[in-house]
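Following: one structure in C-alpha cells, then a few remarks.
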Amino acid sequence: MRFKDKSVIITGGGGKIAKAYAMAFDKEGAELSLPDIASADHIVKAIRDMGGSAISMA
Amino acid sequence: MRFQDKAVIITGGGGKIGKAYAIGFAKEGAKVALPDIASADHVVKAIRDMGGTAISMACDVSDEKSVKAMVDAVAKQFGGIDVLVNNAAYFMNVKKSPFWEMEVDEFDKAMAVNVRGSWLCAKAAFPYMKQQGKGKIINISSGTALNGGQNYIHYVTSKGALIAMTRAMAREVGDFNICVNTVCPGFVLTEGRQVDPAFNANRVASRALKRTEVENDLVGTVMYLASADSDFMTGQLLNVDGGAHFVG
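Encoded structure:
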C-alpha cells in the first residue's frame, strides 16, 4: 500500500483517464478527492464499492 | 512485493550505488544478481541477512565471453532475466586531464566499459527477455552528459553515448515488448566518498532542491523503470539530480 492514507486530489476526476488514476491510487490506499466541473459521482461510487475512500465536488 | 521472484541483474553491484539498487529490489522480493569486476560479496551477504536472494560473480562487462557466461549463469540459476540495470562504469578511477592531453588507452577504457559493456550486457540478456515476451533494460547515464563535465572527455562521451544507445535499442526491441530507458544521476555523494566540500556545495547550489544527492535518491526511479508501472515508456531519459538540469 504505497499511498496508505495519503490525500490525493485529481482534478477533472470524472473523466476516463482520471478514473484510471483514481483507481490505481485507491488500490494503493490513498484517500481521493475528485473535483470536476461535471460529475465524478460515478467514480466515487465505484471506489466506495471497492471499499475505498473518495469524495467529489463541483 | 513489486518484484516478487523477478530476476534482476545489476552490473557493478558491488559499488555503493549498485548496492542501493540491489537492496531496493531485494526488499521488493527480487532475486538479484550482482556481477562486478571487484567483489560484491558484501552486498550479497547484506541481502541474504535480510532473508533475500542474491548472487554475485566476477565479470568484466567489456569482455563478451565474460558477459555471456555471467548472463547465462544468472538465467540458469534464476530461471530467466526480467531486468538488466547497466550500472557498471569506469568512473571512480578515471584519470582526469584536458582532452588534448588524454592518452588513447585511457579514452578507450571508458568506452570499452561504459559503452561496449552496456551493449554486451543487453546483447546477452536480450534472448532471455525475448523468450519471456517482456523485459526492462535501464542504462545509467550521467548528468555530465547534460552539462559537459570538464577534464574527463572519455567518461562524459561514454555517458552521452548511452542516451543514444538507449534510443536505438528501444526502437529495435519494441516489437519484443522490451523497454529500454536511461537514468541520469547528478553528482552523488556516496557514503564515505571524499570530495572537496566546496565542490559538493556548488552542486547543491545548482539544484532546485538544495541538498546533497545520495545513492538512495536514485533507487525509486530505477525501480519505476523496472516495474510494470512504466510499461508504455521506452527510449526515455529520466534525470534525477534535484533539478539541476531540466530535460525534455
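Protein chains in written order, with the working numbering: chain A, 349 to 406; chain B, 203 to 450.
The beta-carbon is built from N, C-alpha and C at its ideal position, and this holds for glycine as well.
Would you please state the rounded distance, in angstroms, between the beta carbons of ILE385 of chain A and ALA370 of chain A? I believe it to be under 8 Å. Here the question's residue 385 of chain A lines up with position 37 in the first sequence. Here the question's residue 370 of chain A lines up with position 22 in the first sequence. The Cβ separation is near 16 Å, so there is no contact.
Going by DSSP, what residues sit across from ASN441 of chain B in a beta bridge? Within the second sequence, residue 441 of chain B is the residue found at index 239, counting from 1. Paired residue(s): B:CYS386.
Going by DSSP in three states, ALA378 of chain A sits in which element: helix, strand or coil? Taking the first residue of the first sequence as 1, we reach residue 378 of chain A at position 30. Coil at ALA378 of chain A, not helix or strand.
Residues in its own chain within less than 7 Å of LYS461 of chain B by CB, not counting five upstream and five downstream? As displayed, chain B neither begins before 203 nor continues past 450, which places residue 461 of chain B out of reach and without an answer.
Just the Cα atoms here: how many angstroms apart are ALA271 of chain B and ASP353 of chain A? The count along the second sequence starts at 1 and reaches residue 271 of chain B at position 69. The count along the first sequence starts at 1 and reaches residue 353 of chain A at position 5. Straight-line Cα distance between these residues: approximately 47 Å.
Find the nearest neighbour of ALA535 of chain B within the set B:VAL375, B:ASN404 and B:LEU439, judged by alpha-carbon distance. This structure leaves residue 535 of chain B out entirely; chain B is present only between 203 and 450.
Can you tell me the Cα-Cα spacing of ASP265 of chain B and GLY319 of chain B, whole angstroms? Reading the second sequence from its first residue, position 63 is the one you call residue 265 of chain B. Reading the second sequence from its first residue, position 117 is the one you call residue 319 of chain B. Each residue's Cα considered, the two are about 7 Å apart.
State the Cα-Cα distance for the pair THR368 of chain B and ALA406 of chain A, rounded to the nearest angstrom. The residue labelled residue 368 of chain B in the question sits at position 166 within the second sequence. The residue labelled residue 406 of chain A in the question sits at position 58 within the first sequence. Rounded to whole angstroms, THR368 of chain B to ALA406 of chain A spans 44 Å at the Cα level.
DSSP three-state assignment for GLY399 of chain A, whether helix, strand or coil: In the first sequence, counting from the first residue as 1, residue 399 of chain A sits at position 51. Of the three classes helix, strand and coil, the one that applies to GLY399 of chain A here is coil, per DSSP.
DSSP three-state call for GLY216 of chain B: helix, strand or coil? In the second sequence, residue 216 of chain B corresponds to position 14, counting from 1. Here GLY216 of chain B sits in coil by DSSP.
Who does GLY337 of chain B pair with in a DSSP beta bridge? As a working note, residue 337 of chain B is residue 135 in the second sequence. Looking at the DSSP assignment, GLY337 of chain B forms a beta bridge with B:ILE380.
For LYS233 of chain B, which residues from the same chain have a beta carbon less than 6 Å from its beta carbon, with the 5 sequence-adjacent residues on both sides left out? Reading the second sequence from its first residue, position 31 is the one you call residue 233 of chain B. So the qualifying residues of the chain are ALA209, THR255 and PHE280.
My understanding is that GLY215 of chain B touches ALA242 of chain B, with C-beta atoms under 8 Å, so please give their C-beta distance in whole angstroms. Here residue 215 of chain B refers to the residue found at position 13 when the second sequence is read from its first residue. Here residue 242 of chain B refers to the residue found at position 40 when the second sequence is read from its first residue. Going by Cβ atoms, the distance from GLY215 of chain B to ALA242 of chain B rounds to 4 Å, so yes, they are a contact pair.
Between MET425 of chain B and GLY226 of chain B, which are expected to be in contact by the criterion C-beta below 8 Å, what is the C-beta distance as a whole number of angstroms? Walking along the second sequence from the start, residue 425 of chain B turns up at place 223. Walking along the second sequence from the start, residue 226 of chain B turns up at place 24. Going by Cβ atoms, the distance from MET425 of chain B to GLY226 of chain B rounds to 6 Å, so yes, they are a contact pair.
Reduced DSSP category for MET371 of chain B - H, G, I as helix; E, B as strand; rest coil: In the second sequence, counting from the first residue as 1, residue 371 of chain B sits at position 169. Reduced to three states, the DSSP call for MET371 of chain B is helix.
Short of 7 Å in beta carbon distance, which residues of its chain neighbour SER344 of chain B, apart from the five on each side in sequence? Order them along the chain. Position 142 of the second sequence, counted from the first residue, corresponds to residue 344 of chain B. Excluding sequence neighbours, SER344 of chain B sits near LYS361, CYS386 and PRO387.
For LYS338 of chain B, which residues from the same chain have a beta carbon less than 6 Å from its beta carbon, with the 5 sequence-adjacent residues on both sides left out? Position 136 of the second sequence, counted from the start, is the residue given in the question as residue 338 of chain B. Closer than 6 Å at the Cβ level, and outside the excluded window around LYS338 of chain B, lie VAL285, CYS381 and ALA428.
With distances taken from CA atoms, which of B:HIS356, B:GLN334, B:VAL358 and B:ASN289 is nearest ASP377 of chain B? Against the second sequence, residue 377 of chain B aligns to sequence position 175. ASP377 of chain B has its Cα closest to that of B:GLN334, out of B:HIS356, B:GLN334, B:VAL358 and B:ASN289.
Contact criterion: CB-CB distance below 8 Å. Does MET313 of chain B meet it with respect to chain E? As a matter of chain content, chain E is missing from the structure shown, whose protein chains are A and B.
Report yes if the C-beta of GLY444 of chain B is less than 7 Å from at least one heavy atom of the ligand GTP; otherwise report no. Among the ligands in the structure shown, none appear at all, so the ligand GTP cannot be discussed.
Can you name the start and end residues of the beta strand (DSSP E) that MET259 of chain B belongs to? As a working mapping, residue 259 of chain B is identified with position 57 in the second sequence. First-last of the beta strand (DSSP E) with MET259 of chain B: 255–260.
In chain order, each beta strand (DSSP E) run of at least 3 residues that lies wholly inside the segment 290–316 of chain B: none
Endpoints, the alpha helix (DSSP H) within which SER429 of chain B is located: On the second sequence, residue 429 of chain B is found 227 positions in, with the first residue counted as 1. From DSSP, SER429 of chain B is part of no alpha helix (DSSP H); its letter is neither H nor E.
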